Amino acid sequence: MKEFTYVIQDPVGLHARPAGFLLRRAKNYHSSVLVKAPSGREANAAKLMALMSMGAKAGDTLTFILEGDDEEVAAADLQQYLPEIL
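Everything in the sequence shown is counted per numbering that gives the first Met the number 0, starting at 0 for the first residue and increasing by one.
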């Protein structure tokens with residue numbers, strides 16, 4: 000299991016466009032990607048509506064939990080990718 004956090008920089012928060020980008024990126028991995036919001040809500044990064052319904056907004060710290068055979072690579076890739084979309 001690999002875990003890291005990311006603070007949302009986008010003033011609109013985790014809305015449809017970045018959620019879609021995150022979903023497409025997460026589907027490239029064999030590992031599962033779970034996203035947890037400060038509200039206690041969590042979502043599988045491969046489920047668009049689940050990501051959007053978390054209600055994550057600017058300044059919120061998201062926790063990403065990855066499990067699978069490529070979790071190290073996936074976590075490193077996501078950590079570099081997130082600032083581009085959120």
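Ideal placement from N, C-alpha and C gives every residue a C-beta, glycine not left out. On a predicted model such as this, the values are computed, not experimentally measured, just so you know.
**OP:** Name, in chain order, the residues that DSSP records as bridge partners for residue 27.
**Re:** Within the sequence shown, the letter at position 28 stands for residue 27. In the DSSP output, where bridge partners are listed per residue, residue 27 has none listed.
Subject >> Distance CB(residue 50)-CB(residue 21) smaller than 8 Å >> reply: Position 51 of the sequence shown, counting from 1, holds the residue named residue 50. Position 22 of the sequence shown, counting from 1, holds the residue named residue 21. The Cβ-Cβ distance between residue 50 and residue 21 falls below 8 Å.
Original post:
residue 69 and residue 29 look like a contact to me (Cβ under 8 Å); what is the Cβ gap, rounded to whole Å?
Top reply: On the sequence shown, residue 69 is found 70 positions in, with the first residue counted as 1. On the sequence shown, residue 29 is found 30 positions in, with the first residue counted as 1. Indeed they touch by this definition, with Cβ atoms about 5 Å apart.
**OP:** Pick out whichever of 61, 57, 27 and 72 has its Cα sitting closest to the Cα of residue 86.
**Re:** The question about residue 86 has no answer here: the residues shown for the chain are numbered 0 through 85.
**OP:** Taking only the alpha-carbon atoms, compute the straight-line gap between residue 38 and residue 55 and give it to the nearest angstrom.
**Re:** The residue labelled residue 38 in the question sits at position 39 within the sequence shown. The residue labelled residue 55 in the question sits at position 56 within the sequence shown. Distance between the alpha carbons of residue 38 and residue 55: 8 Å.
**OP:** Quickly, what does DSSP pair residue 33 with across the bridge? List them, please.
**Re:** In the sequence shown, the residue the question calls residue 33 occupies position 34. In DSSP, residue 33 forms a bridge with 43 and 64.
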